[in-house]
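Enquirer: First, the structure itself, so that you have it in front of you.
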Amino acid sequence: MALHLLARRVLLFAAVAFATLVIVDATQVMHRPSTYKDSPRKFATADVKPQIIHKRSGAKVQAAYFTNWGIYGANFQPTDIVTSTLTHILYSFADVSPDTGNISLTDTYADEQKHFPGDSWTEPGNNLYGCLKQMYLIKLANRNIKVLLSVGGWTYSQDGHFSFVTDATKRATFVSSAVSLVENYGLDGIDIDFEYPTAEDLAEGFADLLTSLRTAFDNLASQKGDTTPYQITAAVPAGYSNYALLKVPQMDAALNYWDLMAYDYAGSWLTWADNQANLYGGARTNVSTDMAIRWYLANGASADKINMGIPLYGRAFEDTTGIGEPYNGIGPGTLEAGSIHMPIFHSPVHRFLRI
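Going letter by letter, the sequence shown gives residues -26 to -1, 1 to 329 in mature numbering (1 follows the signal peptide of the UniProt record, and there is no 0).
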């Protein structure tokens, strides 16, 4: 996903419940255990039947991605997050090794080292700083907010990064490292953004991975005497060719939420201008949010688990006569060419040339 920073893209989730916050001991984050870099602990992945988490209170979920690179060019810091309307923050993105299945952070400075106002430069020990400490502080101040580590994304899904899902041993390594990261950083769960499982073995392996992760998280909660399940979410595609092979019933049993990527239906990769987040229709892409949601529901997804992603940015097309027509250029954009971000007041998001 071309995700930039939390302020620019928000996922608004309706018809689902407020998530309950997992209370985490402060030493897990503020002062990490000396063993935090040791090999991940092994947790059983088959002893507990994955529970189906389906009861919701009818309230909405409102989540947003925070990207660790947003602190640089966009200068959007964790302290800039407006938390009053959020229930979830997806901290993005971690990477995964295709050779081992191990999860790793992608920017040590941003994630663990950057000092923010109030951070000490003289404290001894294995103190955590960076954006991950700020995520924990957000949780302390907002007990309704859950923070999940998002693994993958567009960049870290390329070049076979998720090929590990076809190997049971590598899946077990992923699960163990996920459990360790959740414990070490005081997180509430894991979000997986695999773009995309478009082969049968990848789709099967992805579903098996989610099942194993759910079982491991349930075992962890049981060992800790915690009655609140850890959360697992998956960013899933809205284009048929990318979702056609998903093992929806098996995935649904393991997931708390399906986060539908209801955006980027059109852009510079097309030769014509089109809607990039249309609810219905679509001039020539044959992709729409309505069509995607209907498919997931028909194939076994729980309606109250589906969250619709809303892009707070527009895709620009220049020198065109309109939707469905050729264009010539995409313009400079806000943070990247062809992409204009909120706030869009007085911004030339779309100019239709009438002839």
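From the three backbone atoms N, C-alpha and C, an ideal C-beta is built for every residue, glycine too. Since this is a predicted model, take the numbers as computed values, not measurements.
Rounded to whole angstroms, what's the CA-CA distance from Pro300 to Gly256? Just pull it up for me.
Expert: Numbered from its first residue, the sequence shown carries residue 300 at position 326. Numbered from its first residue, the sequence shown carries residue 256 at position 282. The alpha-carbon atoms of Pro300 and Gly256 are separated by roughly 15 Å.
Enquirer: Could you please give the first and the last residue of the uninterrupted beta strand (DSSP E) stretch that includes Thr207?
Expert: The count along the sequence shown starts at 1 and reaches residue 207 at position 233. Its beta strand (DSSP E) spans residues 205 to 210.
Enquirer: May I ask you to list the residues that DSSP assigns as paired with Leu234?
Expert: Here residue 234 refers to the residue found at position 260 of the sequence shown. Paired residues: Val210, Met282.
Enquirer: Taking all protein chains shown into account, decide if Ser124 is buried (16 or more other Cβ within 10 angstroms of its Cβ) or exposed.
Expert: Counting from one through the sequence shown, the residue named residue 124 turns up at place 150. Classification for Ser124: buried.
Enquirer: Per the DSSP calculation, Tyr287 is bridged to which residue(s)?
Expert: In the sequence shown, the residue the question calls residue 287 occupies position 313. His315.
Enquirer: Would you kindly check if the distance between the Cβ of Tyr287 and the Cβ of Met316 is under 9 Å?
Expert: Position 342 of the sequence shown, counted from the start, is the residue given in the question as residue 316. Position 313 of the sequence shown, counted from the start, is the residue given in the question as residue 287. Taking 9 Å as the Cβ cut-off, Met316 and Tyr287 qualify as a contacting pair.
Enquirer: Where do the N-terminal and C-terminal ends of the beta strand (DSSP E) with residue 363 fall, by residue?
Expert: Lying outside -26 to 329, the shown extent of the chain, residue 363 is not represented and no answer is given.
Enquirer: Looking at the strands, I want to know which residues DSSP matches up with Asp293.
Expert: As a position in the sequence shown, residue 293 is number 319, starting the count at 1. Paired residue(s): none; Asp293 is not in a bridge.
Enquirer: Would you decide whether Trp95 is buried or exposed? Buried here means 16 or more other CB atoms lie within 10 Å of its CB.
Expert: Against the sequence shown, residue 95 aligns to sequence position 121. It counts as exposed.
Enquirer: Sort Glu169, Ala142, Thr189 by Cα distance to Gly163 and report the nearest one.
Expert: In the sequence shown, residue 163 corresponds to position 189, counting from 1. The candidate whose alpha carbon is nearest that of Gly163 is Thr189.
Enquirer: Taking the beta strand (DSSP E) that Leu123 falls in, what are its first and last residues?
Expert: As a first step, residue 123 is located in the sequence shown; it is residue number 149 there, counting from the start. Note, Leu123: beta strand (DSSP E), 120 to 126.
Enquirer: Does the region 178 to 195 come close enough to the region 218 to 238 that 3 or more CB-CB pairs lie under 8 Å?
Expert: With the cut-off at 8 Å, the region 218 to 238 and the region 178 to 195 touch.
Enquirer: Excluding five sequence neighbours on each side, which residues of the same chain lie with their C-beta closer than 7 Å to the C-beta of Ile304?
Expert: As a first step, residue 304 must be located in the sequence shown, where it is residue number 330. So the list reads Ser242, Ala290, Phe291, Glu292, Ala311, Gly312, once near-sequence residues are dropped.
Enquirer: Does the distance from the CB of Tyr65 to the CB of Leu122 come in under 9 Å?
Expert: Residue mapping note: residue 65 aligns to position 91 of the sequence shown, counting from 1. Residue mapping note: residue 122 aligns to position 148 of the sequence shown, counting from 1. It is a contact, given that the beta carbons lie within the stated cut-off.
Enquirer: Helix, strand or coil for Leu220 per DSSP?
Expert: For the purposes of this step, residue 220 is taken as the residue at position 246 of the sequence shown. In the structure shown, Leu220 sits in coil (DSSP, three-state: anything other than H, G, I, E or B).
Enquirer: So what does Pro300 bridge to, in DSSP terms?
Expert: The sequence position of residue 300 within the sequence shown is 326, counting from 1. Answer is Trp246.
Enquirer: Who pairs with Ile164 in a beta bridge, going by DSSP?
Expert: Within the sequence shown, the letter at position 190 stands for residue 164. Answer is Leu123, Ile206, bridged to Ile164.
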